[in-house]
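**Q** Numbering (the numbering used here), first residue to last: 116 to 290.
Ideal Cβ positions, reconstructed from N, Cα and C, are used throughout, including at glycine.
Quick caveat, the model's predicted, so the values are computed rather than measured.
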Amino acid sequence: MKRRDMTIEQDKGCAIHACCSPMANPQKTASCPACGAVGEPVKSITLRSLLQPHLLQQVQDEGYRFCASPECQLVYFSTDGAQTFSRGDLTLRVGVKEVGAPRPLCYCFDHSAESLREDWVLNGKSTILESIKAEVKAGNCRCEVTNPSGGCCLGDVIKKMKAIAAAERGPSNGL
Ligand SMILES: [Zn+2]
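1) Could you give the first and the last residue of the continuous beta strand (DSSP E) run that contains ARG180?
2) Quick one: using the 10 Å Cβ neighbour count with 16 as the cut-off for buried, is ARG180 buried or exposed?
3) Taking the continuous alpha helix (DSSP H) assigned at LEU244, which residues delimit it?
4) In the DSSP output, what is GLU155 paired with across the bridge?
5) Taking C-alpha atoms, which residue in CYS221, SER230 and SER264 lies nearest to ILE247?
6) Kindly examine ligand 1 and report whether one of its heavy atoms sits closer than 7 Å to the Cβ of CYS147.
7) Are there 16 or more other CB atoms within 10 angstroms of the CB of LEU237, so buried, or fewer, so exposed?
8) In whole angstroms, give me the CA-to-CA distance for TYR191 and VAL272.
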């Protein structure tokens, strides 16, 4: 595995929405030992917030990745491959890896793929998306310690919203 120099400039992140800033110091890419997908850097504070209590002692200060593959059971792995944490090791449902309802999307304000769809059908627009945007703007999100990916949910919510809108406009596409 190629090691990159560790002197990458540290970005402290946006002071207002630190939770939504990209991971400050991705030292190298790392692939999920289970599915091979490239993991997204995730801070240890996210693992410490979401793993089952008995696993917390194992969490090191850095070097973790989040596997976003829907079909993969692993959620976190260490870049050296020594540690892996799977779905059952977390205290919450990882929406992207769930097939059945509810599939959480926004962890700070408790919205799921299902509630997003209901809202769209009921209101003809996404009032949830509007409310999340307002909350983010107000600095009320805590994605770093609520979202398994450690990042802002807005991208995922918008993507899902587009899929819902497309399906609802179509003839009979159930989501
Ligand atoms: Zn994986």
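**A** This is what the structure gives:
1) ARG180 -> beta strand (DSSP E) spans 179 to 181.
2) Buried, since its Cβ has 16 or more Cβ neighbours within 10 Å.
3) LEU244 -> alpha helix (DSSP H) spans 242 to 252.
4) GLU155 is bridged to PHE181.
5) Comparing Cα positions, the closest option is CYS221.
6) The answer is yes for CYS147.
7) Exposed.
8) Cα atoms of TYR191 and VAL272: separation of roughly 22 Å, rounded to the nearest angstrom.
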